[in-house]
Each structure stands twice: as C-alpha cells, then as structure tokens.
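Read the structure below first, then the notes.
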C-alpha cells in the first residue's frame with residue numbers, strides 16, 4: 016500500500032493517512048458566515064487525513080477579500096460547527112487556517128468603519144476584486160502602533176479559542192503568501208523602528224509571539240504554521256538569500272522551542288534545498304510540503320523522508336475523492352479556473368466523483 020494512504024503517527028499529529036488537503040480561498044462565505052454549502056464541500060473531501068480550511072480572518076480587519084470567512088463572532092463559531100461535525104464523521108482531522116490579510120485588503124471588503132491595517136504605511140502594488148466596486152487599487156494601510164500589534168496578537172488568541180469552541184482540532188497560522196505575518200518578516204514591507212522591525216529577530220518577533228500565545232491558549236499540539244520562503248505574492252520583493260535563510264532557520268528554531276505541531280512549507284516558488292535541510296534540522300515536529308505534487312512525486316518525497324506529510328490543493332479542489340483515485344490510479348478531474356472564487360455550488364461541490 017502507498018505510504019501516502021497509510022496512517023501517520025507523529026509527535027503531535029495522529030492521522031488516518033499522510034494526505035493533507037491544503038488551504039484554498041474559495042469565496043463562498045456570504046456575509047463572512049460559514050454555511051451549509053461550505054460544510055458539504057469539506058465533507059466531500061474528508062478522505063484526507065488532515066483538512067486545513069481556507070484562510071479565515073481572526074478579526075474584522077483581516078477580512079481582506081470578498082466572501083471569506085471569519086472566526087471572531089458567535090455566529091461564525093456556530094456556522095463552522097456544521098463543517099467540523101461533518102468532517103469528523105469520517106475520522107478526518109480539521110484545522111482552521113487563521114489568515115489576517117493585513118495590507119492585502121480593501122475597505123469595500125471590510126465591515127463598515129473597519130480600516131485596512133498593516134505593518135507599515137506601505138501599500139501593495141496592484142489591485143484586488145471587490146463585489147461592490149469591481150477592481151480597486153490596494154489602499155495605503157494604517158500602520159499598526161506597538162500597542163496595536165499587541166491587540167492583533169490578542170485577536171489571534173481569541174480566534175484560536177473560538178476555533179476550539181467550533182470543534183476544530185487545531186489552527187494553522189498563515190505566515191505565508193504575503194499576508195500579515197509575512198509582511199512583518201519582509202524588510203521591503205516592514206520599515207518599523209520599534210521592537211517589531213529592523214533585525215531578523217525583531218521582524219520575526221510577531222510570528223513567534225503569535226505562535227507562543229496561541230499555543231499557550233489552546234495547547235501547542237493544536238497549532239501549526241504555514242510559511243513560504245522566497246514568496247513574492249502580495250507584492251513581496253525577495254530579499255537576499257542569506258537573510259531569507261537566516262530568517263526561516265531562526266523561526267524554525269523558535270517554533271521547535273514552542274513545540275508547534277507542524278510547519279507547513281509552500282514550495283512555490285522553489286525553496287533551496289539548503290534552506291529546507293536547515294528547517295528540518297531545527298524543527299523536530301511534523302513537516303508538511305505543499306505545491307507541485309503529483310501522487311507519484313508525493314510518494315517519492317515521503318519515502319525520502321524529508322517531509323512527513325504532503326498537501327494537495329488543486330488535486331482536492333477538483334477531486335473530492337482524491338484519496339480513492341490515488342489508490343485506484345484513476346484519472347483526475349481538472350480544476351475549472353473560472354469558478355475558483357465565484358459564489359454558489361458551481362465549480363465547488365459539483366465536481367464528478369468516481370468513488371463514494
């Protein structure tokens with residue numbers, strides 16, 4: 016039997032297989048409230064050992080995109096219970112990804128009176144979609160004060176507690192793809208002069224404090240983090256290779272000290288082998304690799320032993336029965352890219368299945 020489909024027993028995670036459903040924004044959350052359609056979508060994909068949800072805002076300011084979910088209100092907690100209860104029926108674990116978008120947002124996508132906030136008052140280049148006004152330029156974010164940073168950390172902690180109340184098995188901190196945590200890490204975005212800016216240690220402080228305080232609040236075995244070294248998403252310019260590696264080695268060492276359940280690494284763009292090896296050396300918990308994997312490539316990676324689990328995004332998006340298709344060597348559905356972020360069931364819960 017393929018290792019990908021065999022049980023995984025790690026330091027903090029015990030899963031029915033080595034197959035992870037990656038987090039993917041799908042924009043089906045009307046009024047930012049998780050709903051029955053989302054519960055159906057995740058339930059269809061419960062062949063995964065671990066599901067990581069789409070990015071979910073820990074606070075109103077984090078709702079950067081149209082129709083993404085939050086987990087900062089009682090109504091959102093109740094809405095997410097539909098999903099966690101459905102997924103748990105098949106012995107699948109599910110973590111909610113806490114995603115604060117920071118400067119990657121627009122007021123038209125936020126509740127009335129809520130502002131776009133960021134590490135610094137540096138806007139991202141480009142535009143984003145809003146349902147009410149179409150494509151709009153990214154605004155200049157309101158730079159968080161030092162006290163404001165502390166308040167955002169408190170919001171992460173409250174959201175993590177809400178996640179447990181909603182029935183999630185844990186949370187994944189989104190420290191990748193150009194969102195708030197990674198905005199702190201990147202010296203081209205972070206021009207702060209307080210204890211959260213300047214040196215590698217200072218720019219890493221926010222990520223480490225969020226991880227530490229969330230772990231203290233809900234248990235370190237219930238917390239993972241996603242990272243994307245060398246990412247340019249969200250108008251992040253790559254900084255020099257030595258500093259990048261130093262940053263992620265420092266973070267991995269600190270996440271290991273805290274005892275996080277896992278580090279989830281996006282391999283798009285490609286991460287140097289030297290950096291991956293350094294992360295593996297520093298971090299004793301579970302490592303998840305994501306992006307660019309076929310079933311065959313995933314199997315080879317698991318056999319090599321550098322990664323402990325493999326996450327699939329588009330594979331799960333278009334194939335609710337991905338686990339069974341892998342077992343049977345069946346052809347995969349191709350994703351419909353025109354319906355990735357549209358409201359409704361089309362391109363969401365209507366992909367053909369071969370195995371029930």
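In our numbering, the protein residues as written are 16 to 371.
Beta carbons: idealized from backbone N, C-alpha and C, even for Gly.
All of these numbers come straight from a predicted model, not from anything done at the bench.
Using a Cβ-Cβ cut-off of 7 Å (strictly less than) and excluding sequence neighbours within five positions of residue i, which residues of its own chain qualify?
| i | result |
| --- | --- |
| residue 168 | 224, 225, 228 |
| residue 267 | 278, 294, 297, 298 |
| residue 43 | 52, 53, 82, 358, 363 |
| residue 178 | 86, 111, 186 |
| residue 100 | 182 |
| residue 114 | 70, 71, 72, 77, 189, 194 |
| residue 176 | 232, 233 |
| residue 164 | 211, 221 |
| residue 201 | 251, 254 |
| residue 102 | 57, 58, 61, 66, 109 |
Mind checking which residues open and close the beta strand (DSSP E) that includes residue i?
| i | result |
| --- | --- |
| residue 302 | 301-305 |
| residue 238 | 238-242 |
| residue 326 | 324-327 |
| residue 76 | Taken as a continuous stretch (DSSP letters only), residue 76 belongs to no beta strand (DSSP E), as it is neither H nor E. |
| residue 280 | 277-281 |
| residue 208 | Looking at the DSSP string, residue 208 is not in any beta strand (DSSP E), and its letter there is neither H nor E. |
In the DSSP output, what is residue i paired with across the bridge?
| i | result |
| --- | --- |
| residue 37 | According to DSSP, which records beta bridges pairwise, residue 37 is partnered with nothing at all. |
| residue 188 | 113, 240 |
| residue 133 | 158 |
| residue 67 | 110 |
| residue 150 | 144 |
| residue 23 | 30 |
So is the beta-carbon of residue i under 6 Å away from any non-hydrogen atom of the ligand ADP?
| i | result |
| --- | --- |
| residue 356 | With respect to small molecules bound, the structure shown includes none, and the ligand ADP cannot be examined in it. |
In chain order, what residues of the same chain have a beta carbon less than 6 Å from the beta carbon of residue i, not counting five sequence neighbours either side?
| i | result |
| --- | --- |
| residue 269 | 223 |
| residue 72 | 78, 85 |
| residue 26 | 300 |
| residue 161 | 209 |
| residue 351 | 362 |
| residue 203 | 252 |
| residue 331 | 36, 60, 337 |
| residue 261 | 215 |
| residue 74 | 87, 170 |
Hey, residue i and residue j are a contact pair by Cβ (cut 8 Å); roughly how many whole angstroms apart?
| i | j | result |
| --- | --- | --- |
| residue 326 | residue 348 | The pair is not a contact, with the Cβ atoms about 18 Å apart (cut-off 8 Å). |
| residue 305 | residue 328 | 7 Å |
| residue 276 | residue 300 | 6 Å |
| residue 40 | residue 356 | 7 Å |
| residue 48 | residue 91 | 6 Å |
Near residue i, which residues of its chain fall below 8 Å by C-beta distance, leaving aside the five closest residues on each side in sequence?
| i | result |
| --- | --- |
| residue 263 | 242, 244, 290, 293, 294 |
| residue 338 | 20, 32, 34, 62, 63 |
| residue 259 | 244, 245, 253, 290 |
| residue 88 | none |
| residue 205 | 134, 135, 198, 199, 211, 212, 218 |
Tell me where the alpha helix (DSSP H) around residue i begins and ends.
| i | result |
| --- | --- |
| residue 119 | Looking at the DSSP string, residue 119 is not in any alpha helix (DSSP H), and its letter there is neither H nor E. |
| residue 342 | 337-343 |
| residue 53 | 51-59 |
| residue 163 | 161-180 |
| residue 249 | Note, residue 249: premise wrong, no alpha helix (DSSP H); not H, not E. |
| residue 94 | 89-103 |
| residue 259 | 256-273 |
| residue 231 | 215-233 |
| residue 319 | 310-319 |
| residue 293 | 288-297 |
| residue 197 | 195-200 |
If we cut at 7 Å on Cβ distances, does residue i have a partner in chain D?
| i | result |
| --- | --- |
| residue 320 | Looking for chain D here will not work: only one protein chain is present. |
Any contact between the stretch 306-313 and the stretch 65-74? By contact I mean 3 or more CB pairs, one from each, below 8 Å. Cβ pair count under 8 Å is below three, so no.
Validate contact between the stretch 206-221 and the stretch 126-137 using beta carbons, cut 8 Å, 3 pairs: Contact between the stretch 206-221 and the stretch 126-137 is present, because at least three Cβ pairs lie under 8 Å.
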